[in-house]
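Enquirer: Following this message is one structure expressed as structure tokens.
2 protein chains.
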Amino acid sequence: MPHPAARQPAPTDPAVDRLVEEIIGRVADKWTMLLIEVLTERPCCRFGELARACPGISQKMLTQTLRGMEREGLATRTVYPVVPPKVEYRLTDLGLSLGEAFCGVWLWAAANRATIEQARRDYAARQAGSPP
Amino acid sequence: MPHPAARQPAPTDPAVDRLVEEIIGRVADKWTMLLIEVLTERPCCRFGELARACPGISQKMLTQTLRGMEREGLATRTVYPVVPPKVEYRLTDLGLSLGEAFCGVWLWAAANRATIEQARRDYAARQAGSPP
DNA sequence: CGCCATGCTCTCTTTTTGGTAAGTATAAAT
DNA sequence: ATTTATACTTACCAAAAAGAGAGCATGGCG
Numbered sequence: 001m002p003h004p005a006a007r008q009p010a011p012t013d014p015a016v017d018r019l020v021e022e023i024i025g026r027v028a029d030k031w032t033m034l035l036i037e038v039l040t041e042r043p044c045c046r047f048g049e050l051a052r053a054c055p056g057i058s059q060k061m062l063t064q065t066l067r068g069m070e071r072e073g074l075a076t077r078t079v080y081p082v083v084p085p086k087v088e089y090r091l092t093d094l095g096l097s098l099g100e101a102f103c104g105v106w107l108w109a110a111a112n113r114a115t116i117e118q119a120r121r122d123y124a125a126r127q128a129g130s131p132p
Numbered sequence: 133m134p135h136p137a138a139r140q141p142a143p144t145d146p147a148v149d150r151l152v153e154e155i156i157g158r159v160a161d162k163w164t165m166l167l168i169e170v171l172t173e174r175p176c177c178r179f180g181e182l183a184r185a186c187p188g189i190s191q192k193m194l195t196q197t198l199r200g201m202e203r204e205g206l207a208t209r210t211v212y213p214v215v216p217p218k219v220e221y222r223l224t225d226l227g228l229s230l231g232e233a234f235c236g237v238w239l240w241a242a243a244n245r246a247t248i249e250q251a252r253r254d255y256a257a258r259q260a261g262s263p264p
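Chains as they are written, first to last, in this note's numbering: chain A, 1 to 132; chain B, 133 to 264.
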């Protein structure tokens, strides 16, 4: 999605584009982003800690998201063979760098919040006004 | 999701956080991103042009995504009352700036493509190796 | 007259996603 | 002997998202 001027020297290879889109699709979901945020602030967390830090997430989604992050190389999972079980999660450098990259979108959203809310109101007003 | 060091002067208000997350959820989907890319490269497109530029998108999804972008203030929709119908879409400044913000993630994905693919292979190998 | 082009909109079906709840393993504590 | 804690996994079900395909409006064209 880069601005033309910002695109890397490499030519726009459609195959690369598709791959990048797929990666973004896998990586840019709500829970992954939240977990990256949590793990950036507290670099080493157990499963239960993460669950408490993500209000509203179900165990299933948490497990699923963490497994996905592990698969994509964003986080590591360390199992201590003790009982009761203990498992720790950390971001990899890759995960950390994704957090930084996503930072731009986060700041954009924060900065343009008011504009977007106004746009929604305008849109709603137009919808209500024109049909009659 | 900002890095602690990069967070804006404003304190981390949880209400703002939730709003920002919601905005990102609405704005950061596959088709919206693709459309922003297309409309950045070719600033004024008709519906049919956009459909052709997004291989695999259904009419329904295209309409739906464009309406969403209009609602959030990312794009404008101009209807020419002719027959057959003619409708033109353009990015707003907000839409353009989102493209720029998202550029960071795009570049991250492009730059780390190989690393991620390797991570996936490693993960798959670990899965295949340990169960037995 | 009949057909085409365009940008939808509507309905129906399939796929995907996510929630809930129960089950598992095991050592230590009571 | 029973309970507790932890990190899952599995089965089942409901809701949401997406795809397929038909229908619509209408002026110009042959």
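Virtual Cβ for every residue (Gly too), placed ideally from N, Cα, C.
Return the CA-CA distance between P85/A and V79/A, expressed in angstroms with no decimal places.
Expert: The alpha-carbon atoms of P85/A and V79/A are separated by roughly 8 angstroms.
Enquirer: Short of 7 angstroms Cβ to Cβ, which residues in the segment 70 to 91 of chain A face chain B?
Expert: Under the 7 angstroms Cβ criterion, the segment 70 to 91 of chain A contributes E70, R71, E72, G73.
Enquirer: Name the residue from L74/A, Q64/A, D122/A, P55/A whose alpha carbon lies nearest to the alpha carbon of T247/B.
Expert: Among L74/A, Q64/A, D122/A, P55/A, the Cα nearest to that of T247/B is on L74/A.
Enquirer: Give a yes or no on whether the C-beta atoms belonging to L98/A and N244/B are separated by under 9 angstroms.
Expert: Against a cut-off of 9 angstroms, the Cβ pair of N244/B and L98/A comes out as a contact.
Enquirer: Taking Cβ to Cβ, would you say L239/B is nearer than 9 angstroms to A101/A?
Expert: Closer than 9 angstroms, so yes.
Enquirer: Would you say the segment 63 to 70 of chain A touches the segment 198 to 205 of chain B, given that touching needs at least three Cβ pairs under 8 angstroms?
Expert: Judged by Cβ distances under 8 angstroms, the segment 63 to 70 of chain A makes no contact with the segment 198 to 205 of chain B, as fewer than three pairs qualify.
Enquirer: Quick check on E181/B - is its C-beta less than 9 angstroms from some C-beta in chain A?
Expert: No, E181/B lies away from the interface with chain A (no Cβ there is under 9 angstroms from its Cβ).
Enquirer: S58/A touches chain B at which residues, Cβ-Cβ below 7 angstroms?
Expert: Ordered by position in chain B, no residue passes the 7 angstroms Cβ test against S58/A, which lies about 17 angstroms from the chain.
Enquirer: Quick check on the DSSP output: what are the complete alpha helix (DSSP H) runs of length 4 or more inside the segment 58 to 120 of chain A, in order along the chain?
Expert: Taking only runs of at least 4 residues, the alpha helix (DSSP H) segments lying wholly in the segment 58 to 120 of chain A are 59 to 71.
Enquirer: Under 9 angstroms between the Cβ atoms of A160/B and V105/A?
Expert: Yes; because the gap between Cβ atoms is below 9 angstroms, this pair is in contact.
Enquirer: Can you tell me whether R42/A is helix, strand or coil according to DSSP?
Expert: In the structure shown, R42/A sits in coil (DSSP, three-state: anything other than H, G, I, E or B).
Enquirer: Pull out every residue of the segment 241 to 253 of chain B whose Cβ sits closer than 9 angstroms to any Cβ of chain A, in chain order.
Expert: Residues passing the 9 angstroms Cβ filter: A241, A242, A243, N244, R245, T247, I248, E249, Q250, A251, R252.
Enquirer: Can you check which of these residues, E37/A, L19/A, V20/A, I23/A, is closest to C103/A by C-alpha distance?
Expert: Closest option to C103/A, Cα to Cα, is E37/A.
Enquirer: Between which residues of its own chain and C54/A is the CB-CB distance below 8 angstroms, once the five residues before and five after are set aside?
Expert: Cβ neighbours of C54/A beyond the five flanking positions: W31, L34, L35, V38, L62.
Enquirer: Count the other CB atoms within 10 Å of the CB of V20/A; is the residue buried (16 or more) or exposed (fewer)?
Expert: When all chains shown are included, V20/A counts as buried.
Enquirer: Would P43/A pass as a contact of R90/A if the rule is Cβ separation under 9 angstroms?
Expert: A contact, by the Cβ cut-off of 9 angstroms.
Enquirer: Assign P146/B to one of three DSSP states: helix, strand, or coil.
Expert: Helix at P146/B.
Enquirer: What does a CB cutoff of less than 6 angstroms around Y255/B pick up in its chain, not counting 5 residues either side in sequence?
Expert: Cβ neighbours of Y255/B beyond the five flanking positions: none.
Enquirer: Taking Cβ positions, are L94/A and A251/B nearer each other than 9 angstroms?
Expert: Cβ distance < 9 angstroms, so L94/A and A251/B count as in contact.
Enquirer: Using a Cβ-Cβ distance under 9 angstroms, would C177/B count as near chain A?
Expert: No, its Cβ sits nowhere closer than 9 angstroms to a Cβ of chain A.
Enquirer: Look at the alpha carbon of S58/A and the alpha carbon of V148/B, and state the distance between them as a whole number of angstroms.
Expert: Cα to Cα, the separation comes out at about 23 angstroms.
Enquirer: Taking the C-alpha atoms as reference points, what is the distance between G180/B and V87/A?
Expert: So the two alpha carbons sit approximately 52 angstroms from each other.
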